[in-house]
Each structure stands twice: as structure tokens, then as C-alpha cells.
Amino acid sequence: MSIHNSAIVDSEARLGEGVEIGPYSIVEGGVSIGDGCRVGSHCVIRRGVTMGEENVLDVGVVLGSDPQDAKFAGEESFVHIGNRNLLREYVTIHRATGEGETTTVGDQNFLMAYVHLGHNVCVGSNTMMASYAGLSGGCVVEDRAVIGGMTGLHQYVTVGRMCMIGGHSRVTRDIPPFVTAQGNELRAINVIGLQRNEVSSEEQAALRDAFRLLYRSELNTSDAIACLREKRELSELVTEFVEFIERIDEGGRGRQRG
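For the sequence shown, the working numbering begins at 848 and goes up steadily by one.
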């Protein structure tokens, strides 16, 4: 363990083996930091934060600050971060609103400089968020999604698995899995992302067919889904794609969760 002599680490913080704490960083009581984590200079890790192993925090990262939510009344809430995440300069992750609630980040995510995760956000694993991306309260980002720089997500937006959102986007509606999008506009199936994740060519073709029928035909969503199901048995990823879209329709304002 290596703690710089200018750092302030509460005696009630739990630090694993091989943890490094850089100059002028602050670790409050009730924090748990797993083995092999490296915390850079001028970071602040507040009470209620739990981190797994081998996470790397660059300069100025702030974890566990109070949510920017008018409903927050000082209740006990948490931030949980998994393993092997890279948080670059000045990333901020706020704890949740609601007694016992948690803002969560999975494993092996890459959050570039100034990314912000608001209260009650849930991020999966192997995602990438470019600089200055911001997630409002209650957003969900599923595994292996990519979010471009300067992109803002409205409250309760869900971003599907393996999709890619272009930079400078304003996203107010859910983005289905496996697609590319610019703002709320769905462009195409994310072929490069699917290839990188070793999705078969047959599955890619099935997703392209489903996308064309749902978003490039004259059928409404319900009729297009019915047509898909009548034509053939849906593959695993097409089923995931269709069920995600059905959940959007069951929600409100283009968002399944709000």
C-alpha cells in the first residue's frame, strides 16, 4: 500500500492490498477500495463508495458526492464500482437518491475526461464514454455501448447493448441495442461494433433485415414487429432488439423507464 503523505485517508476507510493514493486526495470513512486500485492526485472519494479491484482514477476524480436532485433529503445512499475501470481526469459519479439506493458501474469501463454519471445511473461493463459525455439521473447504459464526446442523455434514457451514439448528441429517447445513432436519429446497425464483438455474419444480416423493416419501411412499429415474427423464427439478437423496442412502446415519451 502506498499513501502519499499529503493525502487524507479516514481511519475507517477500508483499503485492499497494493492500493495507491496520490497527493492531496481525500478518502472518507465508510469507503471500500479493492486490491490494486490506483487513485491519482486531488481525487475525492466520499462515504458510501465501494470499488472492486484494479480500478485506475486519474487526476481530480470525484466519487460519491450528493446527487444533484431536488428530491434528495440527505438519505443514506451509495456508489458501487466494479473491477478494472479506467476513470480519466475529473470524472464525477454521484451517489443515488433514495434510502439505500445505489449508482452502479460494472467492470472494464473506460470513462474519458470530464464524464459525469448522475444519481441512480446504472452502467454495465465494457462501455466507453468519450470526454464530456453526461448521463442524467436514472439512465441505464448496457454492456459494450459507446457514447461519443459532448453527448448528453436525458433522465431515464436507456442505451442498449453494443450500440454507438455519435458525439455532440442530445438523446431524449431510448436507443435500441446494436445500432448507430446521432442524437435520437437511428442510422443503421452497428456493423463494426458487432464485428468487434464477434457476432456472426448471419446474425448481423438478420439484424439489418429487422432494422430495415422497423425503421425504413412504411409499417408502424406494431405491424413491423408482427411481420417479423410471421416471416421466421427470430434469432437471439433480433429477439433482444425487438423486445427492447416493445418496452419503449410500453413506457412514455420514448423511454421505457420514465
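Cβ atoms here follow ideal geometry from the backbone N, Cα and C, with glycine treated the same way. As the structure is a prediction and not an experimental result, all values here were calculated from the model.
Just to confirm, are F1088 and F1058 a CB contact at a threshold of 9 Å?
If you number the sequence shown from 1, residue 1088 lands on position 241. If you number the sequence shown from 1, residue 1058 lands on position 211. Cβ distance < 9 Å, so F1088 and F1058 count as in contact.
Expressed to the nearest angstrom, what Euclidean distance is found between the alpha-carbon atoms of D1070 and A1035?
Walking along the sequence shown from the start, residue 1070 turns up at place 223. Walking along the sequence shown from the start, residue 1035 turns up at place 188. Cα to Cα, the separation comes out at about 20 Å.
Rounded to the nearest angstrom, how far is the Cβ of M959 from that of S978, given a contact under 8 Å?
For the purposes of this step, residue 959 is taken as residue 112 along the sequence shown, with counting starting at 1. For the purposes of this step, residue 978 is taken as residue 131 along the sequence shown, with counting starting at 1. That pair is a contact at about 4 Å.
Start and end residues, alpha helix (DSSP H) containing G1040
Taking the sequence shown and counting its residues from 1, the one referred to as residue 1040 is at position 193. Here the alpha helix (DSSP H) through G1040 covers 1038-1043.
At least 3 beta-carbon pairs within less than 8 Å: the stretch 951-958 vs the stretch 995-1008
When Cβ pairs closer than 8 Å are counted between the two stretches, the stretch 951-958 is seen not to touch the stretch 995-1008, the count staying below three.
Output needed for H851: all residues of its chain with C-beta closer than 7 Å, excluding positions within five of it in sequence on either side, in chain order.
Taking the sequence shown and counting its residues from 1, the one referred to as residue 851 is at position 4. Its chain contains I868, G869, P870 as the residues whose beta carbon lies nearer than 7 Å to that of H851, once the 5 sequence neighbours on both sides are disregarded; these appear in chain order.
Can you find the residues in the same chain that come closer than 6 Å, C-beta to C-beta, to V878, ignoring five residues on each side of it along the sequence?
Residue numbering aside, residue 878 sits at position 31 when the sequence shown is read from its first letter. Contacts found: A860, I892, V896.
For S1064 and E1083, what's the separation of their Cα atoms in angstroms?
Within the sequence shown, the letter at position 217 stands for residue 1064. Within the sequence shown, the letter at position 236 stands for residue 1083. S1064 and E1083 have their C-alpha atoms roughly 22 Å apart.
For F1058, which three-state DSSP category applies?
Numbered from its first residue, the sequence shown carries residue 1058 at position 211. DSSP places F1058 within a helical segment (H, G or I) once states are collapsed to three.
Chain-order list of residues whose beta-carbon lies under 6 Å from that of S849 (same chain, five-residue window excluded)
Walking along the sequence shown from the start, residue 849 turns up at place 2. Cβ within range, chain order: E867.
If you count every other CB in all the chains shown that lies within 10 Å of the CB of G965, and 16 or more means buried, which is it?
In the sequence shown, the residue the question calls residue 965 occupies position 118. Burial is judged here by how many other beta carbons sit within 10 angstroms of a residue's own beta carbon; G965 has at least 16 and is buried.
May I ask which residues mark the beginning and end of the beta strand (DSSP E) holding V952?
The residue given as residue 952 occupies position 105 in the sequence shown. Per DSSP, V952 belongs to the beta strand (DSSP E) from 949-952.
Residues that T1005 bridges to, as DSSP identifies them:
As a first step, residue 1005 is located in the sequence shown; it is residue number 158 there, counting from the start. T1005 pairs with V987.
What is the DSSP secondary structure of C969, counted as helix, strand or coil?
Sequence index remark: in the sequence shown, residue 969 carries index 122 (1-based). DSSP, read as helix, strand or coil, puts C969 in strand.
Spatial neighbours of D916 in its chain, beta-carbon cut-off 7 Å, leaving aside the 5 residues before and after:
Numbered from its first residue, the sequence shown carries residue 916 at position 69. So the list reads T944, H966, G984, once near-sequence residues are dropped.
Apart from the five residues on each side of it in sequence, which residues of its chain come closer than 6 Å, Cβ to Cβ, to I1072?
Translated into the one-based positions of the sequence shown, residue 1072 becomes position 225. The beta carbon of I1072 lies closer than 6 Å to those of V1089 in the same chain, with the five residues before and after it left out.
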